[in-house]
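2 protein chains.
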Amino acid sequence: MTNKKDINAGIIIIGNEILSGRTKDTNTSTLATWLNSLGIKVEEVRVIPDKKITIIETVNLFRNKFKYVFTSGGIGPTHDDITSESISEAFNISYGAHKEAFSILEKYYNPGEFNEGRQKMAWMPVDANLILNPTSGAPGFYVENVFCLPGVPSILKAMLGGIQNKITGGEPILSHTINLRTVESEIAKSLTEVQNKNSEVEIGSYPFFRAGKLGVSLVLRGTDQNKIDICNSEILKFVNNKKIDIIN
Amino acid sequence: MTNKKDINAGIIIIGNEILSGRTKDTNTSTLATWLNSLGIKVEEVRVIPDKKITIIETVNLFRNKFKYVFTSGGIGPTHDDITSESISEAFNISYGAHKEAFSILEKYYNPGEFNEGRQKMAWMPVDANLILNPTSGAPGFYVENVFCLPGVPSILKAMLGGIQNKITGGEPILSHTINLRTVESEIAKSLTEVQNKNSEVEIGSYPFFRAGKLGVSLVLRGTDQNKIDICNSEILKFVNNKKIDIIN
């Protein structure tokens, strides 16, 4: 049995538009936030080009390395959408018109509108499981532990609900944030001491500028609320001693 | 001599806060846009945790695979900032107080304020080259082809100017965008034909929703303006035939 603390995931963002800087990726944040809420830790994200050999190699590496793999992008109808074909090759499954997907799309469009371009959206590994798309008809799919989602953020988001009952989460990852009006170098030493005493809580320190003022967010993460509370008290103690303001 | 078309880069985003979904990464887009403007193609991005062995392995892989490597994050003064130490190990260079960095920081702070936490920001591979930081004192650094920048987006951005003369760009990557009031499946077939005839222009097709309406952006990218123009004309021809509106 897998230890519930070890349930992890990897994310593969497929698309030249992210690598060229044209599009800011927001799917990583959407997927990671959702996975964390299910107690699944994202261990790695790769952004790779629309290149078949790279997609195949990355998918094959990730599906052996992580319990769950999510891909985003490249499942539309145009020539640069090669994810479905690449996943078929990665799993050595025929790539063709998926019966159920074909039938969903056929019903979705008006008679005469289900053209060749639209039919391509039904092409995928022929025995893949579908991920229904409540927004725009064309389904995503999954094969074993690899879930393939579209790149358009709003559509990807809408499809997550349909996956939730297909994956097994881990122990919920709890977090607590303390925002301080200080700079990291003022608290670095005390924070290291607290981290060393509380190894089961992961303390992240993130400087920020907000409304022209400097501050630091401390994020305490772990699976044991009690341990997070102890860690929190120890931090508040040195914060108080140093007369640092807490920002709400 | 390296072919000017082959000048590439890899980006390593270091930080648990991106993998937890807490923070949306914008440094990839900043770095990629800037590199593209210099004719440098970003081939891969990896987001990895604040974990020494992972940082070392990824840096060593990337520095052999790509002409330039950029890392973002983990060079601050707190316990979770382990990039500098990891880079030292990756290159097998002593990790210690960098003389020039120490002297910059010593001058930056008021007498008595240059505490242990602040001094840690001068710790890096001892013979690294500095990347000056016009915003907040603490410099970044580079060793051979690996450039280490901070995670805070505004500071990272401000430091790019200081790197420009340290890297050699390639042939500028030109791009042209056509926005259409259509859906991908309407143009997929014609677009494939144009792509097949114009192999030196990379055509990307990106669906979008804007102000409640569907559209598709076609992005033509390449190093030869003439070839982009030919490709553009061929696209406009079928767009016109299909009576599809162009959006400005």
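The listed protein sequences correspond, in order, to chains A and P. Position in the first sequence (first residue = 1) + 1075 = this note's numbering. Position in the second sequence (first residue = 1) + 1075 = this note's numbering. Cβ atoms here follow ideal geometry from the backbone N, Cα and C, with glycine treated the same way. Computed from a predicted model, the values in this text were never measured in an experiment.
Three-state class that DSSP yields for residue i in the structure shown
{"i": "A/ASP1081", "result": "helix"}
{"i": "P/VAL1134", "result": "helix"}
{"i": "A/LEU1110", "result": "helix"}
{"i": "P/PHE1313", "result": "helix"}
{"i": "P/ASN1254", "result": "strand"}
{"i": "A/LEU1207", "result": "coil"}
{"i": "P/GLY1279", "result": "strand"}
{"i": "A/SER1260", "result": "helix"}
{"i": "P/MET1196", "result": "coil"}
{"i": "A/THR1158", "result": "helix"}
{"i": "A/ILE1087", "result": "strand"}
{"i": "P/TYR1184", "result": "coil"}
{"i": "P/GLY1151", "result": "coil"}
{"i": "P/GLY1245", "result": "coil"}
{"i": "A/PHE1141", "result": "coil"}
{"i": "A/GLU1219", "result": "coil"}
{"i": "P/SER1169", "result": "coil"}
{"i": "P/PHE1189", "result": "coil"}
{"i": "P/ILE1322", "result": "strand"}
{"i": "A/SER1104", "result": "helix"}
{"i": "P/THR1099", "result": "Note on residue identity: the sequence assigns Lys, not Thr, to residue 1099 of chain P. In the structure shown, P/LYS1099 sits in coil (DSSP, three-state: anything other than H, G, I, E or B)."}
{"i": "A/ILE1115", "result": "coil"}
{"i": "A/THR1129", "result": "helix"}
{"i": "A/ILE1123", "result": "strand"}
{"i": "P/PRO1265", "result": "Looking at the sequence provided, one finds Ser at residue 1265 of chain P rather than Pro. The answer is helix: DSSP assigns P/SER1265 an H, G or I state."}
{"i": "A/GLY1236", "result": "helix"}
Cβ-Cβ separation, residue j to residue i (assumed contact under 8 Å), whole Å
{"i": "P/VAL1266", "j": "P/ILE1278", "result": "For the record, residue 1266 of chain P in the displayed sequence is Leu; it is not Val. Confirmed, about 7 Å."}
{"i": "A/LYS1142", "j": "A/ILE1082", "result": "5 Å"}
{"i": "P/GLY1149", "j": "P/ASP1125", "result": "6 Å"}
{"i": "A/LYS1127", "j": "P/ALA1263", "result": "Contact flag wrong, Cβ pair sits at about 18 Å."}
{"i": "A/SER1292", "j": "A/ASN1254", "result": "5 Å"}
{"i": "P/ARG1138", "j": "P/VAL1221", "result": "5 Å"}
{"i": "A/ILE1303", "j": "A/VAL1276", "result": "6 Å"}
{"i": "A/ILE1242", "j": "A/LEU1224", "result": "That belief does not hold up - the Cβ atoms of A/ILE1242 and A/LEU1224 are roughly 13 Å apart, past 8 Å."}
{"i": "P/SER1112", "j": "A/ARG1193", "result": "Actually they are not in contact, since the Cβ atoms of P/SER1112 and A/ARG1193 sit about 37 Å apart, beyond 8 Å."}
{"i": "A/PRO1200", "j": "A/VAL1218", "result": "5 Å"}
{"i": "P/SER1229", "j": "A/PHE1284", "result": "6 Å"}
Burial state of residue i (16 or more Cβ within 10 Å)
{"i": "P/THR1146", "result": "buried"}
{"i": "A/SER1161", "result": "buried"}
{"i": "A/GLU1118", "result": "buried"}
{"i": "A/ALA1286", "result": "exposed"}
{"i": "P/ARG1156", "result": "The amino acid occupying residue 1156 of chain P in the given sequence is Asp; Arg does not appear at that position. By the neighbour-count rule (16 or more Cβ atoms within 10 Å), P/ASP1156 is buried."}
{"i": "A/PRO1209", "result": "exposed"}
{"i": "P/THR1257", "result": "buried"}
{"i": "A/LYS1140", "result": "exposed"}
{"i": "P/GLY1236", "result": "exposed"}
{"i": "A/SER1169", "result": "exposed"}
{"i": "P/ILE1123", "result": "buried"}
{"i": "A/LEU1074", "result": "Given a span of 1076 to 1323 for chain A in the structure shown, any question on residue 1074 of chain A remains unanswerable."}
{"i": "P/LYS1318", "result": "exposed"}
{"i": "A/LYS1182", "result": "exposed"}
{"i": "P/SER1308", "result": "exposed"}
{"i": "A/PRO1186", "result": "exposed"}
{"i": "A/ILE1115", "result": "buried"}
{"i": "P/SER1274", "result": "exposed"}
{"i": "A/MET1076", "result": "A caution first: A/MET1076 carries a pLDDT of 44, below 50, which makes its placement in the model unreliable, though a value can still be read off. Flag for A/MET1076 reads exposed."}
{"i": "P/ILE1321", "result": "exposed"}
Under 7 Å by beta carbon: chain P residues contacting residue i
{"i": "A/PRO1282", "result": "GLY1151 and VAL1227"}
{"i": "A/GLN1270", "result": "HIS1154"}
{"i": "A/ASP1081", "result": "Going along chain P, no residue has its Cβ under 7 Å from A/ASP1081, so there is no contact; the nearest lies around 14 Å."}
{"i": "A/THR1267", "result": "HIS1154"}
Partners in chain P for residue i, counting only beta-carbon separations shorter than 9 Å
{"i": "A/ARG1121", "result": "GLU1119, VAL1120, ARG1121 and VAL1122"}
{"i": "A/LYS1279", "result": "Reading off the sequence, residue 1279 of chain A comes out as Gly, not Lys. Under the 9 Å cutoff, chain P gives GLY1090, ASN1091, GLU1092, SER1095, ARG1097, ASP1125, THR1153 and ASP1155."}
{"i": "A/ASN1307", "result": "Result: empty, since nearest Cβ-Cβ is about 16 Å, beyond 9 Å."}
{"i": "A/VAL1294", "result": "ASN1091, GLU1092, SER1095 and ARG1097"}
Interface partners of residue i on chain A, CB under 7 Å
{"i": "P/THR1108", "result": "GLY1096"}
{"i": "P/LYS1195", "result": "ALA1263"}
{"i": "P/SER1104", "result": "GLY1096 and LYS1099"}
{"i": "P/ASN1111", "result": "SER1095 and GLY1096"}
Closer than 9 Å at the beta carbon, the chain A residues around residue i
{"i": "P/ASN1190", "result": "SER1260, GLU1261, ALA1263 and LYS1264"}
Chain-ordered chain A contacts of residue i [CB-CB under 8 Å]
{"i": "P/THR1146", "result": "In chain order: nothing, as chain A lies at least about 15 Å away."}
Problem set entry | Inter-stretch contact (C-beta, 8 Å, three-pair minimum) for the segment 1239-1254 of chain A and the segment 1292-1309 of chain A | Touching, yes, given that three or more Cβ pairs across the two stretches are closer than 8 Å.
Exercise. Does the pairing of the segment 1092-1099 of chain A with the segment 1091-1108 of chain P give three or more beta-carbon distances under 8 Å?
Worked result: Output reads yes: the segment 1091-1108 of chain P touches the segment 1092-1099 of chain A.
Exercise. Can at least three beta-carbon pairs, one atom from the segment 1164-1183 of chain A and one from the segment 1205-1215 of chain A, be found at a separation below 8 Å?
Worked result: Touching, per the Cβ criterion.
Exercise. Is the segment 1165-1174 of chain A touching the segment 1130-1137 of chain A in the sense that three or more CB pairs, one from each, lie closer than 8 Å?
Worked result: Three or more Cβ pairs drawn from the segment 1130-1137 of chain A and the segment 1165-1174 of chain A lie within less than 8 Å of each other, which places the two stretches in contact.
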